[in-house]
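Going by UniProt numbering, the first residue of the sequence shown is number 1, and it counts up by one from there.
A virtual CB, placed ideally from N, CA and C, is assigned to each residue, including glycine.
One structure is given here, and the rest of the page talks about it.
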Amino acid sequence: MNAARLAVQPGFVARAKLAQDVPSRRQSILPSFSQNTYAIPSAHRLSPFSTSSSLSCANHKPPALKPSTSQTDSDGSSIDKYTAGLRQNQEWAAQTAREHPDLFPTLATGQQPQILWLGCSDSRCPETSMMGLQPGDVFVHRNIANILHPGDLSSGAVIEYAVQHLRVKHVVVCGHTSCGGVAAAMGNKPLGILDPWLLPLRQVRERNLALLQSLSADEAALKLVELNVRESLNVVTQKSVVLNAIQERGLEVHGLIYDVASGVLRELDTQDSQDAIRARLVAFKTEN
Ligand SMILES: [Zn+2]
């Protein structure tokens with residue numbers, strides 16, 4: 001990453017708008033916390049398609065994936081995906097072991113993922129595959145529409161474990177195009193259990209109604225995807241464990257949008273003022 005990156009904002013995280021005490025956007029500084037300063041480490045930028053080792057296992061290139069074979073049985077009938085997947089797992093495990101003989105023995109001893117991924121459950125958004133990474137690289141929490149409820153025990157436990165114990169270097173919130181949860185929140189049909197789940201999305205819609213109504217339907221849906229990512233980043237960076245990791249060891253928090261039509265990830269360019277960062281630290285950071 002060329003630009004120093006800062007991670008705490010009211011709604012998201014961003015490249016830092018650095019105060020004058022940051023000597024260089026390439027230099028790393030990590031001052032101790034005070035209410036008037038904020039640690040802004042330089043660090044590696046998330047570069048999903050980079051071949052650098054920063055985000056991939058140092059000696060592990062993703063194995064070339066064999067195309068799915070045997071999608072039809074010997075009698076020509078189609079094989080369901082579960083059956084095909086079990087068959088292909090044998091091939092995948094053997095191929096991976098041949099190409100990366102140390103991978104599975106290493107993983108058997110524990111995990112050291114660099115990335116915590118908070119994404120949508122959508123089947124079209126396979127985080128490890130889309131980044132060309134390997135088992136062991138990404139710690140994952142996915143739910144419908146990548147919504148983070150502040151009091152949600154599941155996502156909260158995942159975030160705390162990943163940040164405090166696994167000491168991931170990056171926290172990613174990723175939304176995606178054509179998100180069914182976002183589309184549902186843009187409509188007004190009753191959805192049962194999904195209604196309380198989608199409540200934060202509807203609240204974002206409410207707060208940005210004029211903007212969304214000024215856009216075409218497709219543009220509005222994409223805008224709500226982006227706003228939702230920012231909202232989830234907001235929840236992430238209100239957690240003291242995250243704030244501490246940002247200051248003490250340069251944890252980075254990122255917002256991404258995945259385009260299911262092209263397979264390409266786009267990083268949100270977010271930025272926030274020092275005043276906003278300071279307010280967040282004062283309001284949410286607790287003592288170690
Ligand atoms: Zn989705």
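If you measure between the beta carbons of residue i and residue j, is that distance less than 8 Å?
i	j	result
Leu-243	Phe-284	yes
Val-182	Asn-228	yes
Pro-200	Glu-231	yes
Val-163	Ala-245	yes
Met-130	Leu-265	yes
Asp-259	Thr-128	no
Trp-197	Ile-147	yes
Gly-255	Val-173	yes
Cys-179	Asp-269	no
Gln-247	Leu-166	no
Gly-119	Arg-98	no
Lys-169	Gln-114	yes
Val-235	Pro-150	yes
Could one say the Cβ of residue i lies closer than 8 Å to chain B's Cβ atoms, at least one of them?
i	result
Glu-231	Reference to chain B is not applicable here, since this structure consists of a single protein chain.
Here's the rule I'm using: 16 or more other beta-carbon atoms within 10 Å means buried, otherwise exposed. How should residue i be labelled?
i	result
Lys-81	exposed
Val-253	buried
Arg-205	buried
Ala-145	buried
Ser-155	buried
Leu-233	buried
Any heavy atom of ligand 1 closer than 7 Å to the CB of residue i?
i	result
His-176	yes
Gly-255	no
Ala-97	no
Gly-151	no
Gly-132	no
Ala-145	yes
Gly-181	yes
So residue i and residue j are supposed to be a Cβ contact under 8 Å. How far apart are they, rounded?
i	j	result
Gly-187	Glu-226	That pair is no contact at about 19 Å.
Leu-212	Val-171	That pair is no contact at about 27 Å.
Ala-276	Leu-224	Not really, about 22 Å apart at Cβ, beyond 8 Å.
Closer than 7 Å: is that where the CB of residue i sits relative to any heavy atom of ligand 2?
i	result
Asp-122	What this structure holds is ligand 1, not ligand 2.
Quick check: the segment 85-92 against the segment 209-221, are there 3 or more CB pairs under 8 Å? No, because fewer than three Cβ pairs between the segment 85-92 and the segment 209-221 fall closer than 8 Å, the two stretches do not touch.
Could you check whether the segment 99-110 touches the segment 122-137, counting it as contact only if at least three pairs of C-beta atoms, one from each stretch, sit closer than 8 Å? Judged by Cβ distances under 8 Å, the segment 99-110 makes contact with the segment 122-137, as three or more pairs qualify.
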